[in-house]
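Novice:
What follows is the structure, given as structure tokens:
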């Protein structure tokens, strides 16, 4: 759980969206939620939609105005799809996440989401240093509030994870020699069952090799395939 | 709007989630929604939460089972957080998006989301070539269904936006239905040659499915594989 990223929801109309936003946050390791003048909170609907993230709701702070909500933050970013007369510098969630991942450990970032219907006012945006714009299809750009929180939280989580990610080992992989032995075995059996004739089916073996070469084969898989070939040989002897 | 990416929701309990998923899709330029045995649909709650994406709901197709939902798709990916005895190769939303952005223009991708409570069953996952895992914080990994659809649709939208070249058509690709027929044929032959016994070799067929599902199969390849099976059948009769 990071204490460095705060989600601020301004004047939210539907308590269900507050609960769903809390859930979205917690799935991505975020815990700090501040609500600016919510229409209805606490609320059974919020708790219901928070599901297992009711602790985020329980610790949410309710304040009267945006200035109070972000007072102790070093970087304040307002999420807004609307064009403004005086535009702030914009950034996308992935750029924001990159900033977050390199945030000094003593700095605190707030991401501010406006009301469902009309977003953030110009006066609210004036508390923000940048404007976050979530890419969306021109034909319909209206992300649900909690869905927007999910996308942004997800990007921030990934960016933080990327700094510590370890490569994961797969199951034991077959060597080129294992695979070559399998190809020889396959050709022998296909000849035995009269499926392969060297003179007429020139492309068959290369095609099959390409098929089985397309991805790493595991040792177990080669063993199964050769087991099948042996079973066929027993039947046709 | 892309016609190449289909969202499939299996056995969804809450119609609100169907509506919210439709909204999430439309914000990212997706239009094709297939519902497998939804608990309640159509529903006023779904329409309410779809907001301006009610056209996605209106055109949603309702089917009885997952096989039908994905029959004409070349790549089927199941979203699931649960660990399985026989793991499919996993990929993250960003990797999936990269695949989507280079999908041959004649191929169709389905992303399958399970029920809210229990996700996808093992039998449903067996229709999938890969498993999509959305990164999430270990302390709470339960993304809301529509939130998961939002994250995945967002990644796919970004990847398509970023791509420079038009996808090119490959050789004709086998559909899920083609591949399913091959699997049935394979199981019949393996039984016939005493390689497969349903009681004792529980993991054999899932393992073989995983092997052949790892990459797009071409129609020609499926024809060759089935030709081999037929040749074996002739020999052992």
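Residue numbers (the working numbering), protein chains in the order written: chain C, 121 to 357; chain L, 121 to 357. We put the beta carbon where it would ideally sit given N, CA and C, even for glycine. Small disclaimer: the values here were computed from a predicted structure and weren't measured.
Does the beta-carbon distance from residue 162/C to residue 131/C come in below 8 Å?
Specialist: In the first chain, counting from the first residue as 1, residue 162/C sits at position 42. In the first chain, counting from the first residue as 1, residue 131/C sits at position 11. Going by C-beta atoms, residue 162/C is not nearer than 8 Å to residue 131/C.
Novice: Since residue 149/C meets chain L, which of its residues come closer than 9 Å, beta carbon to beta carbon?
Specialist: As a position in the first chain, residue 149/C is number 29, starting the count at 1. Result: 256, 257, 258, 259, 260.
Novice: Compute the distance between the beta-carbons of residue 126/L and residue 156/L, then report whether it is under 8 Å.
Specialist: For the purposes of this step, residue 126/L is taken as the residue at position 6 of the second chain. For the purposes of this step, residue 156/L is taken as the residue at position 36 of the second chain. Against a cut-off of 8 Å, the Cβ pair of residue 156/L and residue 126/L comes out as no contact.
Novice: For residue 210/C, which of helix, strand or coil comes out of DSSP?
Specialist: Numbered from 1 along the first chain, position 90 holds the residue referred to as residue 210/C. DSSP places residue 210/C in strand when its eight states are reduced to three.
Novice: Which one or two residues does DSSP pair with residue 324/L in a beta bridge?
Specialist: If you number the second chain from 1, residue 324/L lands on position 204. Beta-bridge pairing links residue 324/L to no other residue.
Novice: Could you compute how far the alpha carbon of residue 148/L sits from the alpha carbon of residue 350/L?
Specialist: On the second chain, position 28 is the one that residue 148/L refers to. On the second chain, position 230 is the one that residue 350/L refers to. Approximately 45 Å between the Cα atoms of the pair.
Novice: By Cβ distance below 7 Å, which residues in the same chain neighbour residue 246/L in space, the five residues on each side in sequence not counted?
Specialist: Mapped onto the second chain, residue 246/L falls at position 126. Answer for residue 246/L: 326, 329, listed in chain order.
Novice: Could you tell me the distance, in whole angstroms, from the CA atom of residue 285/C to the CA atom of residue 308/C?
Specialist: Within the first chain, residue 285/C is the residue found at index 165, counting from 1. Within the first chain, residue 308/C is the residue found at index 188, counting from 1. Confidence at residue 285/C is low in this model, with a pLDDT of 47, below 50, so its placement is unreliable and no value can be given for it.
Novice: Does any residue of chain C bring its CB to less than 8 Å from the CB of residue 352/L?
Specialist: Taking the second chain and counting its residues from 1, the one referred to as residue 352/L is at position 232. Chain C contact via Cβ: present.
Novice: Ignore the nearest five residues each way along the sequence and tell me which others in residue 360/C's own chain have a CB closer than 8 Å to its CB.
Specialist: No answer is possible for residue 360/C: it lies beyond the span of chain C, which begins at 121 and ends at 357.
Novice: Out of curiosity, what's the CA-to-CA distance linking residue 255/L and residue 210/L?
Specialist: Within the second chain, residue 255/L is the residue found at index 135, counting from 1. Within the second chain, residue 210/L is the residue found at index 90, counting from 1. Distance between the alpha carbons of residue 255/L and residue 210/L is about 11 Å.
Novice: If distances are taken between C-alpha atoms only, which option among 347/C, 346/C, 134/C comes closest to residue 234/C?
Specialist: Here residue 234/C is taken as the residue at index 114 of the first chain, counted from 1. With distances taken between Cα atoms, residue 234/C lies closest to 134/C.
Novice: Could you name the residues that DSSP lists as bridge partners for residue 126/C?
Specialist: For the purposes of this step, residue 126/C is taken as the residue at position 6 of the first chain. Beta-bridge pairing links residue 126/C to 152/C, 230/C.
Novice: Compute the distance between the beta-carbons of residue 221/C and residue 282/C, then report whether it is under 8 Å.
Specialist: As a working note, residue 221/C is residue 101 in the first chain. As a working note, residue 282/C is residue 162 in the first chain. Contact flag set, yes.
Novice: Helix or strand or just coil, what does DSSP make of residue 199/L?
Specialist: The residue labelled residue 199/L in the question sits at position 79 within the second chain. Looking at residue 199/L - three-state DSSP - the assignment turns out to be strand.
Novice: Do you know offhand how far residue 322/C's Cα is from residue 316/C's?
Specialist: As a working note, residue 322/C is residue 202 in the first chain. As a working note, residue 316/C is residue 196 in the first chain. Spanning the two alpha carbons is a distance of roughly 9 Å.
Novice: Under 8 Å Cβ-Cβ, which residues of chain C neighbour residue 271/L?
Specialist: Counting from 1 along the second chain, the entry for residue 271/L is found at position 151. Those are 270, 271, 274, listed as they occur along chain C.
Novice: Kindly give me the distance between the Cβ atoms of residue 139/C and residue 177/C, rounded to whole angstroms, as I take these residues to be in contact under 8 Å.
Specialist: In the first chain, counting from the first residue as 1, residue 139/C sits at position 19. In the first chain, counting from the first residue as 1, residue 177/C sits at position 57. Their Cβ separation, rounded to whole angstroms, is 7 Å, which keeps residue 139/C and residue 177/C in contact under 8 Å.
Novice: Pick helix, strand or coil for residue 182/C, following the three-state DSSP scheme.
Specialist: Taking the first chain and counting its residues from 1, the one referred to as residue 182/C is at position 62. Strand.
Novice: For residue 302/C, decide whether its Cβ has a neighbour in chain L, counting only Cβ atoms nearer than 8 Å.
Specialist: Residue 302/C sits at position 182 when you count from the first residue of the first chain. Closer than 8 Å: no.
Novice: Starting from residue 251/C and walking both ways along the beta strand (DSSP E), at which residues does that stretch end?
Specialist: Counting from one through the first chain, the residue named residue 251/C turns up at place 131. 250-252 is the extent of the beta strand (DSSP E) around residue 251/C.
Novice: Could you name the residues of chain C that residue 333/L contacts, counting a contact when the two beta carbons are closer than 9 Å?
Specialist: In the second chain, the residue the question calls residue 333/L occupies position 213. Neighbours of residue 333/L on chain C: none; closest Cβ ~10 Å, over 9 Å.
Novice: Is the Cβ-Cβ distance between residue 144/C and residue 270/C less than 8 Å?
Specialist: Translated into the one-based positions of the first chain, residue 144/C becomes position 24. Translated into the one-based positions of the first chain, residue 270/C becomes position 150. Yes, the pair counts as a contact, with Cβ atoms nearer than the cut-off.
Novice: Using a cut-off of 9 Å between C-beta atoms, extract the partners of residue 355/L located in chain C.
Specialist: Here residue 355/L refers to the residue found at position 235 when the second chain is read from its first residue. The answer, in chain order, is 312, 313, 314, 352, 355, 356.
Novice: Given that residue 146/L touches chain C, what residues does it touch there, using C-beta distances under 8 Å?
Specialist: Walking along the second chain from the start, residue 146/L turns up at place 26. Going along chain C in sequence order, the residues near residue 146/L (Cβ under 8 Å) are 257, 259, 260.
Novice: So with CB distances below 8 Å, who are the chain B contacts of residue 277/C?
Specialist: Absence of chain B from the displayed structure is noted, the protein chains being C and L.
Novice: Helix, strand or coil, according to DSSP, for residue 293/L in the structure here?
Specialist: Reading the second chain from its first residue, position 173 is the one you call residue 293/L. Note: residue 293/L maps to strand in three-state DSSP.
Novice: At which residues does the alpha helix (DSSP H) containing residue 275/L begin and terminate?
Specialist: Taking the first residue of the second chain as 1, we reach residue 275/L at position 155. Element bounds for residue 275/L: 265-282.
Novice: Taking just the CA atoms, how far does residue 278/C sit from residue 306/C?
Specialist: Taking the first chain and counting its residues from 1, the one referred to as residue 306/C is at position 186. Taking the first chain and counting its residues from 1, the one referred to as residue 278/C is at position 158. Computed Cα separation, rounded: 44 Å.
Novice: From residue 179/L to residue 152/L, what distance separates their C-alpha atoms?
Specialist: Here the question's residue 179/L lines up with position 59 in the second chain. Here the question's residue 152/L lines up with position 32 in the second chain. Straight-line Cα distance between these residues: approximately 8 Å.
Novice: Tell me, please, whether the CB atom of residue 143/C is closer than 8 Å to any CB atom in chain L?
Specialist: Walking along the first chain from the start, residue 143/C turns up at place 23. Answer yes: the Cβ-Cβ gap between residue 143/C and chain L drops below 8 Å somewhere.
Novice: Whose Cβ in chain C lies nearer than 8 Å to the Cβ of residue 267/L?
Specialist: One-based indexing of the second chain puts residue 267/L at position 147. Result: 140, 143, 144, 147, 266, 267, 270.
Novice: In angstroms, rounded to a whole number, what distance separates the CA positions of residue 337/C and residue 333/L?
Specialist: The count along the first chain starts at 1 and reaches residue 337/C at position 217. The count along the second chain starts at 1 and reaches residue 333/L at position 213. Roughly 12 Å separates the two Cα atoms.
Novice: Quick one, are the C-beta atoms of residue 295/L and residue 193/L less than 8 Å apart?
Specialist: As a first step, residue 295/L must be located in the second chain, where it is residue number 175. As a first step, residue 193/L must be located in the second chain, where it is residue number 73. Going by C-beta atoms, residue 295/L is nearer than 8 Å to residue 193/L.
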